[in-house]
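Residue numbers (the working numbering), protein chains in the order written: chain R, 4 to 315; chain Z, 66 to 403. Below: one structure, written as structure tokens.
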Amino acid sequence: MINYWIAGIYPRNAKLIESTRLYDKTLKEQFKKEKSRLLKIQSDNKLDFISDPLIDWDDNLRPFTNSLRGIERGPLTRYYENNTFYRQPIIKSKIGTSGNILKNSICFDLFNKKSKVKIDILDPFTFYDLSANEFYKSEEEAVNAFAGIIKKELISIKNNVKLIQFNAPSLARVVERDRLNMVKKAIENIVRGIDTKTCLNLWGSDISNTFEEFQEFPTDIIGIDFTSTRVDRFDKIKMKKGLACGLIDAKNTKMEKSADVIRELRNIKNVFNPESISITSSWDFEFIPESFADRKLQIMKQIKEKSKMMKL
Amino acid sequence: MKKFPLATQEIGSIRKPRWLVKLLQDKNVSDEVKEEARSDVALLNLKLFEDIGLDVIYDGEARRVEMYEYSIRRIEGLQLAGKIRSWDNKYYNKGRCTKKVKYTGPYHVDEFLFVKENANRMIKLPITGAYTLADWSYNEAYKSKEDFTIDLARKVIRPLIKDLVKTGADFIQIDEPAATTHPDEMQLVVDSFNESIKGINAKFGIHICYSEDYSNMYPEVLEMKNHQYELEFANRDSWNKGINHSNRNGYESFLKTFREYGEKKEIGLGVLDVHVDEIESPELVRDRILYAVKMTDNPNLVHVNPDCGLRTRSRETSFAKLKNMVIGTEMAKKKLQL
């Protein structure tokens with residue numbers, strides 16, 4: 004059986020774009036209404052894991068940038084190679100959290116009780132890499148500090164979720180073994196005692212040269228962005244984990260053809276032989292306009308139906 | 066080429082007055098009246114820039130919706146896909162390329178002729194470059210980004226620049242805010258720039274902003290046939306006065322690299338942060354300039370501008386910032402006895 008889900012921030016619709024620009028007084032209610040609608044759309048398109056569309060987050064770090072102790076809001080900074088900018092967190096002193104940031108920033112009250120809830124959070128290395136460190140003496144110290152924050156946050160919500168996805172675009176770029184090992188230990192610390200299924204989502208980079216190292220990371224699933232990583236760069240292996248395939252390009256309006264995706268999926272299955280397999284968006288859908296994201300969700304549904312019929 | 070030390074200039078856009086935005090949105094107002102209103106604002110901007118004392122001016126892009134969208138709407142093969150976040154609640158309309166691109170006519174000539182007729186200062190005409198148009202658009206038509214970008218440079222931007230130069234434009238700023246987004250694509254940025262201006266005689270600047278590190282442009286950028294770089298620095302600099310490296314941390318890395326490579330092109334030095342309302346003091350502007358002159362050892366190479374277009378700030382804030390920029394430049398000139 005193939006599982007389906009999407010990642011990160013979903014694009015705002017035209018009305019919300021206008022309302023946020025005008026700081027409309029009813030913004031909170033509008034976000035709530037739109038989140039409910041988007042949760043239903045995910046269900047209607049038969050996604051297996053449903054996630055908060057995070058349309059009220061100004062960037063992937065913002066709730067933490069605004070609320071973590073020891074952090075100040077820094078300059079607008081380019082978010083990887085996108086024409087999108089985020090507020091860089093500046094670490095001024097020892098960082099700390101109440102443990103309620105995720106709890107208060109995810110719409111747990113809006114999920115259908117039957118939904119399998121997935122939450123997205125950056126991995127500790129990506130948190131560190133996207134911040135400016137003016138306090139910790141070493142990379143390791145700062146990564147471990149973020150790991151402590153993430154663990155505390157996850158403990159307060161773990162009972163409400165079925166899948167924790169660590170989005171790790173910065174980590175996906177790391178090639179040095181000792182650094183990967185350092186982050187692996189930090190993630191081990193996070194997941195220890197948290198018995199929820201986890202996914203390390205390595206989007207945005209070609210990870211064919213570091214895949215073996217990532218296989219050793221303590222998560223149940225590895226996510227690969229197959230718009231950046233070519234399958235033909237791998238030898239046939241027996242993967243020890245689940246594989247989430249970022250096959251739906253979240254950065255291009257060109258619509259996938261379900262037959263092409265299924266062909267690619269077969270190829271991936273044959274090469275990786277994973278314990279389980281899933282199809283996901285390659286990044287946050289917020290990099291394409293809402294109407295295109297909606298269509299891509301429908302394509303995911305088509306792929307699901309076809310792959311079921313084909314008993315993939 | 067005549068040297069013009071510490072010339073002050075704008076980068077491009079100024080926010081449109083509220084009344085203009087309202088009028089442009091009004092479906093009951095005719096196109097003629099809207100065009101007339103745009104001309105009024107273009108003229109107003111020109112005169113305000115002149116009154117402030119800028120040496121090099123344009124019209125604050127009064128006729129353009131936005132630097133990217135304005136071009137997308139006028140190039141065959143490109144169409145608007147919808148709005149994408151730039152940051153926070155700021156969005157831009159992103160285009161998609163659905164077939165091979167084609168030039169449909171000189172889309173900046175009328176506005177340039179208006180500026181030429183009404184400006185009493187040197188004119189710098191900003192246009193959006195091929196690389197940024199390609200990088201910010203979804204590519205559904207070309208096999209590769211390289212093919213898409215070079216086709217835009219040869220088939221759209223070069224004919225556009227030729228038409229602009231024919232009508233008298235002699236200083237063109239090619240806006241490439243995306244230029245340093247993908248450091249491994251610097252050669253493509255350089256190639257597309259050179260293809261865009263191939264065989265055309267004019268002064269060319271390139272505006273780049275919000276790079277992680279401008280030093281990453283080297284050594285490829287040495288092959289670029291531009292005469293000036295207009296770069297953002299103030300956003301990353303400290304607000305402390307002084308001309309030591311520690312005070313000018315936003316400028317240090319690039320200027321060191323610039324010096325190491327023995328560059329002789331001009332730098333349009335970003336001295337105003339366009340993302341904050343705080344007004345830079347003339348003394349801070351002065352020190353940013355003095356630091357750049359110290360690092361380049363040649364005031365002829367240093368021109369002075371905001372980091373980027375000021376359209377994200379109110380008009381009051383923008384003009385207050387520009388005024389202090391001019392005063393600060395005068396203070397630097399005095400100090401340097403220019």
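Glycine included, C-beta positions come from ideal geometry on N, C-alpha and C.
Residue i burial status per 10 Å Cβ neighbour count (16 or more: buried)
{"i": "residue 282(Z)", "result": "buried"}
{"i": "residue 233(R)", "result": "exposed"}
{"i": "residue 84(Z)", "result": "exposed"}
{"i": "residue 169(Z)", "result": "exposed"}
{"i": "residue 412(Z)", "result": "Nothing can be reported for residue 412(Z): it is not among the residues displayed for chain Z, which extend from 66 to 403."}
{"i": "residue 158(R)", "result": "exposed"}
{"i": "residue 327(Z)", "result": "exposed"}
{"i": "residue 284(Z)", "result": "exposed"}
{"i": "residue 251(Z)", "result": "buried"}
{"i": "residue 312(R)", "result": "exposed"}
{"i": "residue 303(Z)", "result": "exposed"}
{"i": "residue 100(Z)", "result": "exposed"}
{"i": "residue 241(Z)", "result": "buried"}
{"i": "residue 156(R)", "result": "buried"}
Residue i to residue j span [Cα, whole Å]
{"i": "residue 269(R)", "j": "residue 280(R)", "result": "11 Å"}
{"i": "residue 301(Z)", "j": "residue 239(R)", "result": "47 Å"}
{"i": "residue 105(R)", "j": "residue 140(Z)", "result": "45 Å"}
{"i": "residue 95(R)", "j": "residue 185(R)", "result": "23 Å"}
{"i": "residue 296(Z)", "j": "residue 370(Z)", "result": "9 Å"}
{"i": "residue 147(R)", "j": "residue 225(R)", "result": "21 Å"}
{"i": "residue 116(R)", "j": "residue 109(R)", "result": "15 Å"}
{"i": "residue 164(R)", "j": "residue 7(R)", "result": "16 Å"}
{"i": "residue 351(Z)", "j": "residue 395(Z)", "result": "8 Å"}
{"i": "residue 174(Z)", "j": "residue 233(Z)", "result": "10 Å"}
{"i": "residue 373(Z)", "j": "residue 335(Z)", "result": "7 Å"}
{"i": "residue 186(Z)", "j": "residue 235(Z)", "result": "13 Å"}
{"i": "residue 292(R)", "j": "residue 358(Z)", "result": "45 Å"}
{"i": "residue 105(Z)", "j": "residue 128(Z)", "result": "10 Å"}
{"i": "residue 136(R)", "j": "residue 143(R)", "result": "12 Å"}
{"i": "residue 367(Z)", "j": "residue 355(Z)", "result": "10 Å"}
{"i": "residue 297(R)", "j": "residue 113(Z)", "result": "46 Å"}
{"i": "residue 190(R)", "j": "residue 113(R)", "result": "29 Å"}
{"i": "residue 244(Z)", "j": "residue 158(Z)", "result": "19 Å"}
{"i": "residue 230(Z)", "j": "residue 164(Z)", "result": "28 Å"}
{"i": "residue 28(R)", "j": "residue 36(R)", "result": "14 Å"}
8 Å Cβ cut-off: residues of chain Z touching residue i
{"i": "residue 294(R)", "result": "147"}
Amino acids of chain R, ordered along the chain, whose beta-carbon sits closer than 7 Å to that of residue i
{"i": "residue 156(Z)", "result": "20"}
{"i": "residue 330(Z)", "result": "Correct list: empty, because the minimum Cβ distance to chain R is about 24 Å."}
{"i": "residue 81(Z)", "result": "The premise fails here: residue 81(Z) is roughly 15 Å from chain R at the closest Cβ pair, so nothing lies under 7 Å."}
{"i": "residue 398(Z)", "result": "Per Cβ cutoff of 7 Å: no residues; residue 398(Z) is ~29 Å from chain R at best."}
Under 8 Å by beta carbon: chain R residues contacting residue i
{"i": "residue 151(Z)", "result": "86, 87, 88"}
{"i": "residue 359(Z)", "result": "Within 8 Å Cβ-Cβ: nothing; residue 359(Z) doesn't reach chain R, min ~24 Å."}
Contacts that residue i makes with chain Z (C-beta to C-beta distance below 7 Å)
{"i": "residue 79(R)", "result": "152, 340"}
{"i": "residue 24(R)", "result": "154"}
9 Å Cβ cut-off: residues of chain Z touching residue i
{"i": "residue 17(R)", "result": "147, 148"}
Closer than 6 Å: residue i CB and nearest the ligand FAD heavy atom
{"i": "residue 109(Z)", "result": "No copy of the ligand FAD occurs in the structure displayed, which carries no ligand at all."}
Next on the checklist: Using a Cβ-Cβ cutoff of 8 Å, what residues of the segment 199-220 of chain Z are near chain R? List them in chain order.
Outcome noted: 200, 201, 203, 204, 205
Item to check | Length-filtered (4 minimum) alpha helix (DSSP H) runs lying within the segment 119-153 of chain Z | outcome: 132-137
Item to check | Under 7 Å (Cβ pairs) to chain R, residues found in the segment 241-255 of chain Z | outcome: 243, 246, 247
Item to check | Contact list for the segment 266-280 of chain Z against chain R, Cβ threshold 9 Å | outcome: 275, 276, 277
Item to check | Residues within the segment 129-150 of chain R neighbouring chain Z, beta-carbon criterion of under 7 Å | outcome: none
Next on the checklist: If the cut-off is 8 Å on Cβ atoms, which residues from the segment 290-316 of chain Z count as contacting chain R, listed in chain order?
Outcome noted: 300, 301
Next on the checklist: To be precise: take each residue of the segment 31-65 of chain R, compare its Cβ to all Cβ atoms of chain Z, and keep it if any distance is under 8 Å. Which residues remain?
Outcome noted: 61, 62
Item to check | Length-filtered (4 minimum) alpha helix (DSSP H) runs lying within the segment 236-290 of chain Z | outcome: 251-262
Item to check | Interface positions of the segment 270-296 of chain R facing chain Z (Cβ-Cβ less than 9 Å), listed along the chain | outcome: 289, 290, 291, 292, 293, 294, 295
Item to check | Secondary structure, beta strand (DSSP E): runs of 3+ residues fully inside the segment 320-384 of chain Z | outcome: 331-337, 367-371
Item to check | Near-chain Z residues of the segment 251-265 of chain R (beta-carbon distance less than 7 Å), N- to C-terminal order | outcome: 255, 256, 257
Checklist entry - In chain order, which alpha helix (DSSP H) runs of at least 4 residues are fully inside the segment 134-163 of chain R? => result 142-160
Checklist entry - Between the segment 362-390 of chain Z and chain R, which residues of the former have a C-beta closer than 7 Å to a C-beta of the latter? => result none
Next on the checklist: By the 7 Å beta-carbon criterion, what residues does the segment 83-99 of chain Z contribute toward chain R?
Outcome noted: none
Checklist entry - Given a limit of 7 Å on CB to CB distance, which residues of the segment 161-173 of chain Z reach chain R? => result 161
Checklist entry - Which full runs of the alpha helix (DSSP H) of 4+ residues lie inside the segment 51-83 of chain R, going along the chain? => result 65-70
Checklist entry - What are the start and end residues of each continuous alpha helix (DSSP H) run of 4 or more residues lying completely inside the segment 244-273 of chain R, in chain order? => result none
Next on the checklist: If we require 4 or more residues per run, which alpha helix (DSSP H) segments fall completely within the segment 92-136 of chain R?
Outcome noted: 104-108, 127-132
Checklist entry - Which runs of the alpha helix (DSSP H) fall wholly inside the segment 140-226 of chain Z and span at least 4 residues, in chain order? => result 174-183, 195-200, 210-217
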